[in-house]
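If you read the sequence shown in full-length UniProt numbering, its first letter stands for residue 1, the second for the next number, and so on. Take a look at the structure below.
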Amino acid sequence: MTIQAAFTQLITSLAPGHDQREAANIAHIVMEHITGLSKMDRIVYKDKELTALQAIQLEQALTALLAHQPVQYVTGSSWFYGMELQVNAHVLIPRPETEELVEWIVQDVRNSKLPNRRILDIGTGSGAIPIALKKELPAATVWAVDISAGALETARSNAQQQQLDVHFEQVDILNTNASAALPMFDIIVSNPPYICQQESAGMQEQVVAYEPSIALFVPDDDALLFYRQIGLLAKEKLNPGGVLYFEINEAFGEETADLLRGQGYLHVEVKKDLFGKDRMVKALL
């Protein structure tokens with residue numbers, strides 16, 4: 001089978017469950033992963049035959065995609081803030097909205113003229129947030145914690161691949177005894193689980209079936225569980241003048257802000273993402 005024939009097969013097979021543009025985008029990602037050739041190179045070498053190994057990889061990728069596995073898990077990588085990061089079943093696939101959260105922090109630190117901030121990311125997953133922050137703020141000291149050993153292994157590997165120094169620890173943030181050992185920081189950031197269980201019925205199958213539920217869902221009767229706990233922790237672990245940043249559920253923007261105000265934070269700001277949805281919160285201690 002030629003490169004062009006393989007590309008066409010992918011699009012045709014994916015067409016029933018995707019619009020034409022989405023199917024083509026997925027096919028391009030898979031073909032680049034299998035062949036190692038860019039889109040332009042694949043046009044030039046469109047009549048080149050796949051090797052036996054590449055043909056097997058194509059078949060495996062197509063089987064996974066038709067079972068609704070996200071293409072990022074099929075290829076084992078995802079792009080975030082200009083970096084190609086490893087992803088797998090232990091970690092969420094980084095979203096563009098989270099890039100906006102990183103950009104908010106980066107701009108605030110640069111505007112403060114205090115580049116040597118101490119930063120903690122809670123629930124780090126793939127390490128996307130702390131690795132991007134360290135990349136953009138090289139003078140900062142960056143820590144990251146997660147409850148999942150598998151996630152931390154992935155995050156450490158990503159930091160090593162990017163040649164960036166991030167300190168990772170396994171911590172259950174809901175366990176106050178475990179989190180008490182953390183040092184002091186100037187900035188704490190988190191994109192914690194924030195989707196209510198009842199919302200899963202309306203979510204894409206590929207998210208519910210494959211991305212780690214521990215990183216997605218909270219109980220229906222306690223949607224702000226992690227915000228409450230991290231808010232309390234941050235009051236103990238932030239230096240004077242410290243700042244807390246969250247990615248949030250768009251349905252609970254003001255509720256999250258009110259919770260933080262009730263915990264004694266002096267200035268709380270809700271920020272919308274590029275789609276006009278409440279997506280981020282900043283709270284000053």
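Think of the CB as a built atom: it goes at the ideal place given N, C-alpha and C, for glycine as much as any other residue. Quick caveat: nothing in here was measured; it's all calculated off a predicted structure.
Check	Outcome
Pick from Lys113, Gly150, Ile188 and Glu136: whose alpha carbon is nearest that of Phe246?	Ile188
For Gly253, which residues in the same chain have their Cβ closer than 6 angstroms to its Cβ, ignoring the five residues on either side in sequence?	Val270 and Asp278
Tell me where the alpha helix (DSSP H) around Phe7 begins and ends.	Ile3 to Leu14
Would you grab the beta carbon distance between Gly242 and Phe185 for me? Rounded to a whole angstrom, and I think it's under 8 angstroms.	7 angstroms
Can you tell which of Ile26, Leu164, Lys235 and Val207 has the C-alpha that lies nearest to the C-alpha of Met83?	Leu164
Count the other C-beta atoms from every protein chain shown that fall within 10 angstroms of the C-beta of Phe80, then say buried if there are 16 or more, exposed otherwise.	buried
Which residue marks the beginning of the beta strand (DSSP E) containing His267, and which one marks its end?	His267 to Lys272
Given 8 angstroms as the limit, is there contact between the stretch 208-216 and the stretch 251-266, that is, 3 or more CB pairs closer than that?	no
For Thr75, report the span of its alpha helix (DSSP H) as first-last.	Val71 to Thr75
Please go through the stretch 105-129 and give each complete beta strand (DSSP E) segment of 3 or more residues, from N-terminal end onward.	118-122
When the Cα of Leu92 is compared with those of Val109, Gly123 and Glu103, which residue comes out closest?	Gly123
With a threshold of 8 angstroms, are at least 3 pairs of Cβ atoms found where one atom belongs to the stretch 28-46 and the other to the stretch 7-16?	yes
Going by DSSP, what residue range makes up the beta strand (DSSP E) through Ser179?	Careful: Ser179 lies outside any beta strand (DSSP E), inside the alpha helix (DSSP H) at Thr176 to Ser179.
Using 8 angstroms as the cut-off, can you tell me whether the stretch 168-179 makes contact with the stretch 226-235, which would need three or more C-beta pairs spanning the two stretches below that distance?	yes
State the DSSP-derived secondary structure class of residue 288, mapped to helix, strand or coil.	Missing from the structure shown is residue 288; the chain here goes from 1 to 285 and no further.
With a threshold of 6 angstroms on Cβ separation, who are the neighbours of Val106 within its own chain once the five nearest residues in sequence on each side are excluded?	Glu136
Ignore the nearest five residues each way along the sequence and tell me which others in Met31's own chain have a CB closer than 8 angstroms to its CB.	Ile3, Ala6, Phe7, Leu10, Leu37 and Arg42
From the DSSP output, read off the bridge partner residues of His167.	Trp143
Pick from Ile195, Ser190 and Val145: whose alpha carbon is nearest that of Asp172?	Val145
In chain order, what residues of the same chain lie with their CB nearer than 6 angstroms to the CB of Glu99, ignoring the 5 residues before and after it?	Tyr81
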